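Data block below; observations after.
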């Protein structure tokens with residue numbers, strides 16, 4: 077369940093008088109602060125305990141997110157996509173090797189495997205190239221600016 081779905085669930089619970097209303101409003105406030113920079117409107121809706129306003133605020137945030145997702149991505153030449161993917165793959169490989177080679181409390185490494193599965197993409201490429209690689213199926217968006225291999 078993502079943050080928007082959780083806020084919608086809280087609004088539904090508030091409308092049906094389920095659970096502790098004070099805790100639900102506090103949680104909705106914290107979650108909305110993550111989603112939007114419009115703190116004045118969030119504060120107004122939370123202070124007024126306006127369920128309809130909460131639902132409309134979530135609709136507005138969701139509409140903005142959908143519009144951003146539907147925005148067309150620029151096309152990149154195949155050579156640039158390949159170069160970006162190779163750079164990403166190399167950065168991921170180096171990050172994993174660095175994590176695996178850390179020494180523990182003993183003189184030698186423990187031989188453990190790295191838990192790293194997602195990284196922030198390397199600099200030197202436009203930010204729009206990473207969603208293009210996701211669309212091409214070479215990467216998956218892990219959220220928060222992190223990407224991973226499928």
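Numbering (my numbering), first residue to last: 77 to 226.
Just so it is clear, CB atoms sit at the ideal spot from N, CA and C, and this is done for glycine as well.
All of these numbers come straight from a predicted model, not from anything done at the bench.
Nearest-angstrom Cα separation, counted from residue j out to residue i
i           : j           : result
residue 214 : residue 91  : 43 Å
residue 165 : residue 126 : 48 Å
residue 79  : residue 111 : 8 Å
residue 122 : residue 99  : 12 Å
residue 130 : residue 96  : 17 Å
residue 85  : residue 155 : 45 Å
residue 109 : residue 115 : 7 Å
residue 176 : residue 191 : 9 Å
residue 94  : residue 83  : 14 Å
residue 207 : residue 119 : 33 Å
residue 137 : residue 101 : 18 Å
residue 178 : residue 172 : 10 Å
residue 160 : residue 128 : 45 Å
residue 153 : residue 216 : 20 Å
residue 148 : residue 189 : 39 Å
residue 81  : residue 220 : 17 Å
residue 139 : residue 200 : 31 Å
residue 89  : residue 113 : 25 Å
residue 202 : residue 170 : 21 Å
Paired residues, beta bridge with residue i - DSSP
i           : result
residue 219 : 222
residue 195 : 223
Distance CB(residue i)-CB(residue j) smaller than 9 Å
i           : j           : result
residue 104 : residue 124 : no
residue 133 : residue 117 : yes
residue 198 : residue 174 : no
Contact belief for residue i with residue j at Cβ below 8 Å, rounded distance in angstroms
i           : j           : result
residue 209 : residue 157 : 6 Å
residue 222 : residue 195 : 6 Å
residue 224 : residue 218 : 5 Å
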